[in-house]
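A quick write-up on the structure given underneath.
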Amino acid sequence: MILENYQKSMRQMKSYDRPVNLLKSKVLKFLVFPCIFCAFAIQPASAHRKSRIMEDDLTRQMGQSNRVAHPAIRLIPEPVYMHVLSDDQVGGDHCDLSKGFVFQLENKASRSKKENKALKSLIAIMKGQLEETLGFNGIKGVVKAGVKQKSGDNHLIAIQLELNPKLSWQHGATDLNLKQSEEGYQLKVSSGTINIAARTSNGLYYGLQSLLQLISADNSHVIPALEIEDFPQYSWRGFMLDVSRHFYSVEEIKKLLNVMSRYKLNVFHWHLTDDQGWRLQIKRYPKLTSVGAWRQEIPGSVFFNKRPDTLKGKPYRYGGFYTQQQAKEIVRYAALRGITVIPEIELPGHSEAALAAYPAFSSSGQPQTVANSMGYPKGAVSEYNPGNPATFTFLENILDEVMDIFPSHYIHLGGDEVDKTNWKNNASCLGLMKKEGLKNYEELQSYFINKIGDYLEQHGRRIICWDEALEGNLLPSATITYWRSWAKKAPLKAVSNGHPFINVCSDPLYLNRYQAGPEGEPLAAPHSMNTLERVYGYQMMPSGFTPAQQKLVLGGQAAIWTEFFGTNSGMEYMLLPRLLALAENLWSPEKAKDYPAFYQALPRELKMLGAAGYNYRQLDK
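The UniProt record's numbering applies: residue 1 is where the sequence shown begins, and numbers increase by one.
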């Protein structure tokens with residue numbers, strides 16, 4: 001649940017060099033959060049408070065006029081069930097929020113003082129974002145649950161937030177797993193009341209996100225009376241960003257988390273290390289960032305584009321990294337939005353930057369420099385040496401610090417595209433294979449991953465690997481992220497071996513690939529044409545799975561590898577609007593999906609995103 005995720009991430013903050021109180025920061029002031037046990041009365045004021053930070057713009061653009069909302073409402077993602085009530089039905093007509101509103105929240109005496117203190121700040125954040133959405137300056141006031149409103153407040157719309165662990169589902173709920181039930185919600189709007197009910201704070205959060213979309217659907221303070229029952233099709237709804245090939249600032253990561261949260265995505269897969277840069281501070285090994293986070297680039301150089309005529313000027317130093325304090329801040333910021341951050345620490349391959357910093361752990365042992373957009377330095381290797389016992393000590397020490405930063409149940413270890421050439425000529429690797437009875441180099445790779453996986457499991461974590469890791473005898477508890485669209489047998493092999501499965505099929509879920517063109521489009525990966533419609537219509541559940549195997553499918557995610565996107569604006573252009581298609585694909589049931597209706601709803605959302613400072617690709621006419 002969001003509250004529990006937040007509290008867990010708060011416990012990780014003890015090692016901060018300088019405490020950062022995000023609950024009270026301007027950055028988070030207008031964050032929506034499903035809060036409990038207090039009530040705020042909010043009434044309209046004469047002037048609309050201006051947003052102080054660009055991040056607030058996403059909320060501010062949601063509602064700015066008093067026009068009545070269009071009766072044909074289309075949310076993204078589309079709910080499982082939504083019914084607009086007619087005037088002659090019970091609770092019909094509409095709800096006018098321009099009159100002001102009051103939160104009515106359940107009181108629960110069993111909460112600790114620490115939890116109540118956190119909730120007090122979170123309630124203020126929620127109040128701020130709803131004020132910003134509606135253009136109100138609210139009157140501060142706390143009312144205990146169960147206490148009647150003051151006589152002067154009777155005209156206010158009551159927004160009731162109800163936590164009910166036994167909440168039952170009436171529409172389309174068959175064989176829901178625990179995670180789906182935790183994220184579900186019911187939203188009911190009548191002329192005088194808005195009720196959001198859920199089993200957990202996570203569900204309340206998503207109900208509030210839908211309420212904000214209803215408010216912004218037609219830039220209106222007036223919502224028709226309606227009923228929504230909603231829960232996700234998949235419990236894993238993610239997005240991966242590569243920050244090694246190009247680096248993105250903390251504020252840019254937060255901006256990404258904001259848009260993910262609006263569309264109910266709940267996993268941020270953070271690709272922190274690769275050949276071209278190590279991006280996370282590890283205090284025990286400072287060279288990982290003093291050396292591994294930086295590379296020499298040449299003006300005009302583009303990944304995979306070997307055109308000497310474009311190269312001009314002197315080489316320059318490119319790179320960056322996140323301090324542990326910054327990474328923890330992002331973890332906490334994400335948790336407040338219902339998003340779990342999954343770090344990826346690549347091994348045993350894709351590790352050239354780390355080995356430039358500490359070459360003793362490579363399969364060659366020779367000095368090297370960090371790879372850049374022009375390729376790999378002569379003689380450089382990108383894989384660790386499994387035949388050197390010190391390699392595992394090095395990685396375990398790194399992962400100790402990673403686990404202190406990231407409270408997530410999962411840690412992604414990569415495991416893809418390992419160049420095993422140097423292992424074949426390394427005496428210590430050959431000796432290890434003989435000692436352990438490993439038949440081939442694929443089994444040596446699995447030995448490496450399993451040894452690290454066992455260490456993480458001893459600390460209560462689980463590993464995720466790219467699907468190449470299946471080629472050896474992989475740890476049974478490992479989760480597989482399937483990306484190789486041409487490896488047709490990999491999905492069935494994964495679930496047949498009992499591995500949980502996440503679909504990240506590169507065709508069409510790699511959003512660094514062209515979405516149109518390529519004429520008239522910015523340079524992108526050419527391997528497939530991953531259009532908006534293909535992302536929307538892709539079947540996340542592979543065919544041929546038995547019912548038992550289908551239960552191993554956690555969900556899916558999209559990914560952007562950033563070789564071609566050196567700016568946040570360029571990355572957002574590739575992300576939007578395809579991220580919205582991904583969100584509906586993963587959340588909405590098949591019967592609710594309707595691409596033409598989804599497409600017709602996009603202009604409203606894109607207009608709002610553009611006004612909030614996001615770059616996106618214009619829809620085709």
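No residue lacks a Cβ here, since even glycine has one placed at the ideal position from N, Cα and C.
query                                                                                                                                                                                : result
Use the C-beta contact count for E436: other C-beta atoms within 10 angstroms, 16 or more gives buried, fewer gives exposed.                                                         : exposed
What residues in its chain sit with their C-beta under 6 angstroms from that of P603, if we drop five residues either side in the sequence?                                          : none
State yes or no: is the C-beta of Q170 within less than 8 angstroms of the C-beta of F231?                                                                                           : no
Using the DSSP secondary-structure output, state which residues sit across from V84 in a beta bridge.                                                                                : L226
What three-state label does DSSP hand C95 in the structure shown?                                                                                                                    : strand
Could you check whether C95 and I282 sit closer than 8 angstroms to each other, using their CB atoms as the reference points?                                                        : no
Helix, strand or coil: which one does DSSP assign to L161?                                                                                                                           : strand
Which same chain residues, not among the five before or five after Y536, have their C-beta less than 7 angstroms away from its C-beta?                                               : A581, E584, N585, Y595 and F598
With 16 other CB atoms within 10 Å as the buried threshold, where does K14 fall?                                                                                                     : Confidence at K14 is low in this model, with a pLDDT of 39, below 50, so its placement is unreliable and the value that follows should be read with caution. It is exposed - the Cβ of K14 has fewer than 16 other Cβ atoms within 10 Å.
Give me, in chain order, the residues of the same chain whose beta-carbon lies closer than 6 angstroms to that of S500; leave out the 5 immediate sequence neighbours on both sides. : According to the sequence as given, residue 500 is Pro; it is not Ser. Around P500: T479, L552 and L554.
Would you decide whether A290 is buried or exposed? Buried here means 16 or more other CB atoms lie within 10 Å of its CB.                                                           : Here residue 290 is Ser; the residue named in the question, Ala, does not match the sequence. The residue is exposed, with fewer than 16 neighbouring Cβ atoms inside 10 Å.
Can you give the Cα-Cα distance for V381 and E352, rounded to whole angstroms?                                                                                                       : 6 angstroms
Would you kindly work out how many angstroms separate the C-alpha atoms of K621 and L579, rounded to a whole number?                                                                 : 20 angstroms
Take the Cβ of H155 as the centre, count every other Cβ of all protein chains shown within 10 Å, and call the residue buried at 16 or more, exposed below.                           : exposed
Going by DSSP, what residue range makes up the beta strand (DSSP E) through A197?                                                                                                    : T193 to A198
Mind checking who R462 pairs with in its DSSP beta bridge?                                                                                                                           : Y410
Measure the alpha-carbon distance for F239 versus K434 and round it to whole angstroms.                                                                                              : 40 angstroms
Can you give me the Cβ contacts of M529 inside the same chain, cut-off strictly under 6 angstroms, excluding the 5 residues immediately before and after it?                         : Y514
Can you have a look at N426 and say buried or exposed, based on whether 16 or more other CB atoms are within 10 angstroms of its CB?                                                 : buried
Determine the closest residue to A524 out of E131, E572, N164 and K607, with distance taken between C-alpha atoms.                                                                   : E572
With V341 and Y614 assumed to form a contact (beta carbons below 8 angstroms), what rounded beta-carbon distance in angstroms separates them?                                        : The pair is not a contact, with the Cβ atoms about 21 angstroms apart (cut-off 8 angstroms).
Using the Cα positions of L619 and R245, report the straight-line distance between them to the nearest angstrom.                                                                     : 28 angstroms
May I ask which residues mark the beginning and end of the alpha helix (DSSP H) holding R534?                                                                                        : L532 to G537
How about L272 and P343: do their beta carbons lie closer than 8 angstroms?                                                                                                          : yes
Determine the burial state of D467: buried for a count of at least 16 other Cβ atoms within 10 Å of its Cβ, exposed for fewer.                                                       : buried
In the DSSP assignment, what residue or residues form a beta bridge with F239?                                                                                                       : F268 and A558
Report buried or exposed for Y263, applying the criterion of at least 16 other Cβ atoms within 10 angstroms of its Cβ.                                                               : buried
Here's a check: name, in chain order, each residue in its chain whose Cβ is nearer than 7 angstroms to the Cβ of G172, leaving out the five neighbours to either side.               : V80, Y81 and P589
Going straight from the alpha carbon of N568 to that of Y410, what length do you get?                                                                                                : 27 angstroms
According to DSSP, what are the bridge partners of L187?                                                                                                                             : I196 and I228
Pick out whichever of V189, R74, L130 and Y285 has its Cα sitting closest to the Cα of E396.                                                                                         : Y285
Could you check the C-alpha separation between E443 and V370 for me, to the nearest Å?                                                                                               : 28 angstroms
May I ask which residues mark the beginning and end of the alpha helix (DSSP H) holding residue 690?                                                                                 : With the chain running from 1 to 621 in the structure shown, residue 690 is simply not present.
E417 to G365, Cα distance in whole Å?                                                                                                                                                : 20 angstroms
Closer than 6 angstroms by C-beta to G277: which residues in its own chain qualify, once you throw out the five before and the five after it? Chain order, please.                   : S244, A293, G319 and A353
Helix, strand or coil, according to DSSP, for T340 in the structure here?                                                                                                            : strand
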